[in-house]
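Asker:
Number of protein chains: 2
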Amino acid sequence: MLQLQKGVQLLMDNKQIPDIVVGRLPLYLRTLQKMARETIQVTSSLELGERLGISAAQIRKDLSQFGEFGKQGTGYNIPFLIERIREILHIDRVWDVAVVGAGDVGRALARYQGFADRGFRVVMIFDNNPDVIGTLVADFTVQNTAGLVEAIQNAGIKVAMVSVPADQAQSVTDQLISAGVKAILNYAPISLSVPEGVWVQYIDPAVHLQRMAFYLA
Amino acid sequence: MLQLQKGVQLLMDNKQIPDIVVGRLPLYLRTLQKMARETIQVTSSLELGERLGISAAQIRKDLSQFGEFGKQGTGYNIPFLIERIREILHIDRVWDVAVVGAGDVGRALARYQGFADRGFRVVMIFDNNPDVIGTLVADFTVQNTAGLVEAIQNAGIKVAMVSVPADQAQSVTDQLISAGVKAILNYAPISLSVPEGVWVQYIDPAVHLQRMAFYLA
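Protein sequence lines correspond, in order, to chains A and B.
First residue of the first sequence? That's 1 in our numbering, and the numbers climb one at a time after it.
First residue of the second sequence? That's 1001 in our numbering, and the numbers climb one at a time after it.
#1: Pull the bridge partners of residue 1042 (chain B) from the DSSP assignment, please.
#2: What does DSSP give as the partner residues of residue 129 (chain A) in its beta bridges?
#3: For residue 1160 (chain B), report the span of its alpha helix (DSSP H) as first-last.
#4: Bridge partners for residue 1120 (chain B) per DSSP, in chain order?
#5: Which of the residues in the region 88-119 of chain A, read from start to end, lie with their CB under 8 Å from any CB of chain B?
#6: Output needed for residue 1121 (chain B): all residues of its chain with C-beta closer than 8 Å, excluding positions within five of it in sequence on either side, in chain order.
#7: Step through the CB atoms of chain A and report whether any lies within less than 8 Å of the CB of residue 1201 (chain B).
#8: Between residue 80 (chain A) and chain B, is any beta-carbon pair separated by less than 8 Å?
#9: For residue 1137 (chain B), which residues does DSSP report across the bridge?
#10: What residue range does the alpha helix (DSSP H) around residue 105 (chain A) cover?
#11: Count the C-beta pairs between the region 1168-1184 of chain B and the region 1152-1160 of chain B that are closer than 8 Å, then say yes if the count reaches three, no if not.
#12: Helix, strand or coil for residue 184 (chain A) per DSSP?
#13: Measure the alpha-carbon distance for residue 973 (chain B) versus residue 1042 (chain B) and round it to whole angstroms.
#14: Going by DSSP, what residues sit across from residue 1202 (chain B) in a beta bridge?
#15: Does the pairing of the region 133-143 of chain A with the region 159-176 of chain A give three or more beta-carbon distances under 8 Å?
#16: Would you say the beta carbon of residue 1201 (chain B) is closer than 7 Å to some non-hydrogen atom of the ligand GDP?
#17: Of all Cβ atoms in chain B, is any one closer than 8 Å to the Cβ of residue 215 (chain A)?
#18: Hey, does residue 159 (chain A) have any beta-carbon neighbour from chain B nearer than 8 Å?
#19: Can you find the residues in the same chain that come closer than 6 Å, C-beta to C-beta, to residue 1091 (chain B), ignoring five residues on each side of it along the sequence?
#20: Classify residue 37 (chain A): buried if its beta carbon has 16 or more other beta carbons within 10 angstroms, exposed otherwise.
#21: With DSSP collapsed to three states, give me the class of residue 1022 (chain B).
#22: Under the three-state reduction of DSSP, which class applies to residue 216 (chain A): helix, strand or coil?
#23: Could you tell me the boundaries of the alpha helix (DSSP H) in which residue 1150 (chain B) lies?
#24: Smallest Cα separation from residue 130 (chain A): which of A:117, A:150 and A:146?
#25: Which chain E residues sit within Cβ distance under 7 Å of residue 1058 (chain B)?
#26: Let's see if you can read the secondary structure: which residues bound the alpha helix (DSSP H) around residue 171 (chain A)?
#27: Output the boundary residues of the alpha helix (DSSP H) element that contains residue 1089 (chain B).
#28: Can you find a C-beta in chain B that's less than 8 Å from the C-beta of residue 206 (chain A)?
#29: If distances are taken between C-alpha atoms only, which option among B:1086, B:1040, B:1025 and B:1187 comes closest to residue 1061 (chain B)?
#30: Using a Cβ-Cβ cut-off of less than 8 Å, give me the residues of the region 1038-1053 of chain B that come near chain A, in sequence order.
#31: Return yes when the Cβ of residue 191 (chain A) is within less than 8 Å of the Cβ of residue 1027 (chain B), no when it is not.
Structure follows, in structure tokens:
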């Protein structure tokens, strides 16, 4: 079932990995880290697949794109696989993250404990509401969005989460990009326009609910 | 560019539509509704594609799966297309939604204004923390999770959002399913196991950030 380990050969040109495979790696990692917390040391593509609802063949195929991870007959070494996936995803470091928009969602993100040990930490939060600027959210003083570009540029921040109203999201995004941000997680219910070399992911709960409603009678 | 309208022929067997196409319909809908608010009446697959970052050919192909929506030379009628997509997604009605977990995320969901006019409304929220049970979130009194199955069954609720800690998410999910819930939006950072006929979608900001980090130098 598992192939002989030949050493990990990371592909240098990330562009060759289909984005859909990249998208599954964080899910593999999350499950492997949960197994590690359960003090499981070794797993198989079959066991991983059952936990993830993904076929064992798919998992073997995905992981083989990045080199040979398993040893025949002994399965995948979980701590080793976790470290390799963290390297591949560039989260064997911690990325500083800015949050723009200190409403319910932004405040929840600034306080969220789930980023720890997953490669990210919120370091600043912005809002344009005079009543909110200067207030405390978690350990952060909410900063004026007017100073966003300078603050993010000075801190060298590359990752941001946008939780402003839909009609402000594109303008905030444009400012983030001019400040050097390359990856944006957008909570505003609107499609953003970004130049080549900037990545956007979307979180819109209504979109997810609508997708499932299709399958409801 | 656009084909002659032959009348909308909705497919009766939803199973024939690839899930990836179903997943794009809410994005089309969101953009069309934004255009409608801008009082735009007619659009083209080219214009839609530019707003969405999706090719015009992809949009034409997706929409053709559900019938012929456009008229040659005159483009897509936006209000008509909105209504058809709402019908296809079964959101030409309002689905009642239960929220389980009244922490930061659950409270933000209960207060979120973004579900209005998108087919869903939160109608109840649960927590198992005695300090939280009985408190007010938006207009709702937080109910004891111990009464979840009965309350959801009695209300006939089919849709739920789970925002409890990871180690409680599977047990809450099992209760929701036993109460008749068919669609679950899970905010807990864990893969859920559900039987055939139950749909799960996941929101985990760290997963989205990790996916983008792959592309960062």
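Ideal Cβ placement from N, Cα and C applies to all residues, glycine included.
Answerer: Quick answer:
#1: B:1077
#2: DSSP output for residue 129 (chain A) lists no bridge partner at all.
#3: No alpha helix (DSSP H) contains residue 1160 (chain B), which is instead part of the beta strand (DSSP E) from 1159-1162.
#4: B:1095
#5: 88, 89, 90, 91, 95, 97, 104, 105, 107, 108, 109, 111, 112, 114, 115, 118 and 119
#6: 1094, 1095, 1096, 1097 and 1115
#7: yes
#8: no
#9: B:1140
#10: 104-111
#11: yes
#12: strand
#13: Here chain B covers residues 1001 to 1217 and nothing more, so residue 973 (chain B) does not appear.
#14: B:1186
#15: no
#16: As for the ligand GDP, it is missing from this structure, which has no ligand bound.
#17: yes
#18: yes
#19: 1119
#20: exposed
#21: helix
#22: coil
#23: 1148-1155
#24: A:146
#25: No chain E is present in this structure, whose protein chains are A and B.
#26: 166-178
#27: Per DSSP, residue 1089 (chain B) belongs to no alpha helix (DSSP H) and is neither H nor E.
#28: yes
#29: B:1025
#30: 1051, 1052 and 1053
#31: yes
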